[in-house]
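Going left to right, the sequence shown walks through residues 0 to 493 as numbering that gives the first Met the number 0 numbers them. Let me begin by presenting the structure, written as structure tokens, before commenting on it.
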Amino acid sequence: MGEATIMSTATGGGGATVVVPVVVLPLVAILVMTYLFLKRSTTNVRKGDANFPPGYSGWPLVGEFFEFMKPFPSYTPGTYMTKRIQKFGKIFTTNLLGKKMIVSADAELTRLMLTNEMKTFETEWPEHYKKLMGESSILILNGEEHRLLRNSVLNFFSFARLESHFLKDANEIATGIMSSWREGKVISALGASETYTLDFALKNVMGMRPGEPEVEQFRHDYHEFREGLLFALPINFPGTLYNKSLKARGKVQKVIRRIYDERRKIEGCRGPRGDDYIGWTMSGTNLTRDMICDLMQGALFASEETTSRAISLIMFFLEGSPKALEHLREEHLKVRMPRDKDGWSMLSWEGYKQLQFTQCVTNESLRLGNITRFLVKKALADVTFKGYLITKGTPVVASFASAHFDPSLFKDPESFDPWRWQTSSGILKTNNFFPFSGGPRLCPGAELARVEIAVFLHHLLLNFDYKLADDDKPTAFPVINFPKGYPIKVTPRE
Ligand code: HEM
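Right, here's the structure in full:
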């Protein structure tokens, strides 16, 4: 319906009827909001505080939420950050859904926040996120309880177990998935890497084997839970993504609790399938049932989602860089073992340790792809940094991606250049690289992720060529996703 046809009537003082278009009122409202926006947007959020970082406060109620959430290619800094850094510098203020926040695109401040976790800064998750992760989740807890959970992760996902258990599992699961790939088959690279990392996690966290009906139902519920964790807005009505995800969390927890209770009846709690994380935690720690069950769900999520995106990103970047792909393939050919009875050459531990260029490619893909773009940490005390005041209680967005795109830290930051990580003495070490966060919460699965990635690449590159089957690219929303699942066509190599 055209605007001019929507009319209402009002009676003027002389009794004459004045026709007023209904659109006038919304227009006035828009003008007032625009005025407020323009007026407020160039002023400091806290006028009284000269040292409070400058920034935009955005629209009433929503602030800058929609600009912040607007999707963009994950291998670029995005216009939201670029424009604000240009105008205000690397530390600025924003307002997301009515909450004033400081954004740190400054690697030094980001590092300070990470190393002072639980002293002057503390991770802050949105309330709806806490409900999904569980109040006893390792991601949510702080202090002594967090330390206990973290120790259990570090002890189970240890370096020794990488060699003794995880490498073999990764080899078996990767080759199991690729054994169904035939000439010209189009597969979703994201889907295949998700199956790989989730199957790996299900086996090692809870002794679950894919293919069993209960496991497949669990996978389905877990995916529904994860969708909400990644993409849901905190709107809890029947039918919303958040509501579905909460229900799915309930189903996932029910299965984990049942496994826990069954294991309690077995002496040693290890369960019929030997050494998995739930059994190990039950018999080797004093953690409560609630803590263990949330920990298992958290471990599945923390390991599966991130690592699958890392593998897909690497495939994406390699597809656009034939030179790096060839170099990488040569490296894997050098450590190739004799084929087993099914025709696969498993990656050995000795071979893995020689894969230096693989680590360079992994680093570069994590730097440029930015799986965890940022985390929000709350200031636990007033902090002064580079002349700015961060008042106690203020949430600060630690933008890892901004450090990765900072041209003063990484030359030509938007180009994919795995060679930048090569040095004469090995692989470049830098404290401006935050794919695994840092400080007391540094990802305890970083080394395991590297092993999983290397094994997947080993079998992919030695046995297949692949090319993009349909245009797709990693998109930051701000959580990273491949909208079409990154479809590729695979061709077995001779
Ligand atoms: C490429 C893959 C991975 C990436 C990019 C990644 C990244 C991260 C990041 C950014 C954090 C947040 C730290 C913070 O709150 O400051 C984290 C935490 C965590 N990650 Fe990973 N991760 C990966 C793989 C894994 C794997 C394979 C595991 C399996 C054990 C794992 C387990 C965890 C756990 C348990 C935490 C919570 C740590 C804590 O709060 O103390 N991650 N990871």
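Backbone N, C-alpha and C define an ideal beta-carbon position, used for all residues, glycine too.
Given a length threshold of 4 residues, each whole run of the alpha helix (DSSP H) inside the region 364–432 is given here in chain order: 399–403. The closest heavy atom of the ligand HEM lies less than 8 Å from the beta carbon of residue 137. Of the heavy atoms belonging to the ligand HEM, none sits nearer than 8 Å to the Cβ of residue 458.
Residue 95: not part of any alpha helix (DSSP H); member of the beta strand (DSSP E) spanning 90–95, first to last residue. DSSP places residue 120 in the strand class (E or B) of the three-state scheme. Note: residue 467 is bridge-paired with 487 in the DSSP secondary-structure output.
When DSSP assignments are scanned along the region 160–233, the uninterrupted stretches of beta strand (DSSP E) that are 3 or more residues long and fall wholly within it turn out to be 184–187. Not one heavy atom of the ligand HEM sits closer than 8 Å to the Cβ of residue 166. Distances taken from the Cβ of residue 442 to the heavy atoms of the ligand HEM include one shorter than 8 Å.
Here the alpha carbon of residue 310 sits roughly 23 Å from the alpha carbon of residue 138. DSSP lists 58 and 95 as the bridge partner or partners of residue 62. Where residue 279 is concerned, the enclosing alpha helix (DSSP H) starts and stops at 276–283. At least one heavy atom of the ligand HEM lies less than 8 Å from the C-beta of residue 452. When DSSP reads this structure, residue 71 sits in a beta bridge with 475. Residue 113 has its Cβ nearer than 8 Å to a heavy atom of the ligand HEM. By the Cβ neighbour-count rule, residue 361 is buried, with 16 or more other Cβ atoms within 10 Å of its own.
In the same chain as residue 307, and ignoring 5 residues on each side of it, the C-beta atoms closer than 8 Å to its own belong to 189, 192, 193, 195, 196 and 197, in chain order.
DSSP places residue 135 in the coil class of the three-state scheme, outside both helix and strand. For the 9 Å CB-CB criterion, residue 390 and residue 70 do not form a contact. Burial is judged here by how many other beta carbons sit within 10 angstroms of a residue's own beta carbon; residue 332 has fewer than 16 and is exposed. For the pair residue 102 and residue 91, the CB atoms are nearer than the 9 Å cut-off. No heavy atom of the ligand HEM is found nearer than 8 Å to the CB of residue 127. Per DSSP, residue 265 is not a residue of any alpha helix (DSSP H), being assigned neither H nor E. In this structure, 374 is the residue among 364, 416, 374 and 279 with its C-alpha nearest to the C-alpha of residue 128.
In the structure shown, residue 334 falls within a coil segment according to DSSP collapsed to helix, strand and coil. The three-state secondary structure of residue 150, taken from DSSP, is helix. Take the alpha-carbon of residue 344 and the one of residue 454: they are about 11 Å apart.
When the Cα atoms are used, residue 315 and residue 298 turn out to be separated by approximately 26 Å.
When rounded, the separation of the alpha-carbon atoms in residue 230 and residue 423 is 43 Å. Taking each of 86, 67 and 65 in turn and checking the Cα distance to residue 53, the smallest one comes out for 86.
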